[in-house]
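Worksheet for the structure shown next.
Numbering (the working numbering), first residue to last: 2 to 229.
Right, dumping it as structure tokens:
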């Protein structure tokens, strides 16, 4: 089994097993979780395939199984199912165990930080496709969901996202070459800022935010409809 596939397995195993926790009952959310993941995942898979085709990033064939969907290895396709599932699990755990925690200040600080930094990076690196798309999309989503729609769940999302940064740094660190002679996922230096957290391009944080935020939005909308 490929190293990338082992990473995918390690990412999903605990959230999947803990989905049957007596307090959270995350498995009862599957009716809204999977449609949200698939709806957003299709969009991101198409973008991922486009970026791979134009060598904005790519995958080391020595660390993948060799099964491809168009230009994407199987492991990369599974990434867009496994990572959102794990992060949605953390989000529901935060809501379930900390429902009354006052998070207004955290939510506002997180939103301002992501919008201001995202705008700055977008303006400074307009020619870098990964920087431009990841940062500008995350900025638009935060403005629309937090500042315009004033989604009540955003504060819990902000805390969950910050918590998810810990496993994110571990997983993405391995994918970008922290523990291997060559990276599993490589990035064209022409399309990133060059600012890295260890081996991880800074853009990955904005990319994950822009992927997870609409998934949680759809999940919350569907959940509200179910309750009504």
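Each residue gets a CB set at the ideal place from its N, CA and C atoms; glycine is no exception.
Are the beta-carbon atoms belonging to residue i and residue j less than 9 Å from one another?
| i | j | result |
| --- | --- | --- |
| residue 79 | residue 6 | yes |
| residue 85 | residue 216 | yes |
| residue 89 | residue 160 | no |
| residue 4 | residue 177 | no |
| residue 175 | residue 14 | no |
Grab me the residues of residue i's own chain with a C-beta within less than 6 Å of its C-beta, minus the 5 sequence neighbours each way, in chain order.
| i | result |
| --- | --- |
| residue 61 | 183 and 185 |
| residue 206 | none |
| residue 137 | 123 |
Identify the residues that DSSP records as bridge partners of residue i: which are they?
| i | result |
| --- | --- |
| residue 197 | 202 |
| residue 7 | DSSP output for residue 7 lists no bridge partner at all. |
| residue 188 | 58 |
Once the 5 residues before and after residue i are set aside, which same chain residues still bring their CB inside 7 Å of it?
| i | result |
| --- | --- |
| residue 221 | 154 |
| residue 53 | 59, 72 and 73 |
| residue 203 | 194, 196 and 197 |
For residue i, which residues of its own chain have a beta-carbon under 8 Å away from its beta-carbon, when the five flanking residues on both sides are left out?
| i | result |
| --- | --- |
| residue 24 | 97 and 98 |
| residue 224 | 30 and 33 |
message: For the structure I just gave you, are there three or more beta carbon pairs, one from the region 186 to 200 and one from the region 112 to 131, closer than 8 Å?
response: With three or more CB-CB distances shorter than 8 Å, the region 186 to 200 counts as touching the region 112 to 131.
query: Along the chain, which unbroken stretches of the alpha helix (DSSP H) at least 4 residues long are found entirely within the region 23 to 78?
result: The region 23 to 78 contains these whole alpha helix (DSSP H) runs: 31 to 54.
Inter-stretch contact at 8 Å, needing at least 3 Cβ pairs: the region 96 to 104 / the region 205 to 216: Contact fails: fewer than three Cβ-Cβ distances are below 8 Å.
- request: Scan the region 88 to 127 and note each continuous alpha helix (DSSP H) run of 4 residues or more that stays entirely inside, going in chain order.
  value: Fully enclosed alpha helix (DSSP H) runs of 4 or longer: 105 to 125.
query: Does the pairing of the region 110 to 125 with the region 164 to 173 give three or more beta-carbon distances under 8 Å?
result: Result no; under three Cβ-Cβ pairs closer than 8 Å.
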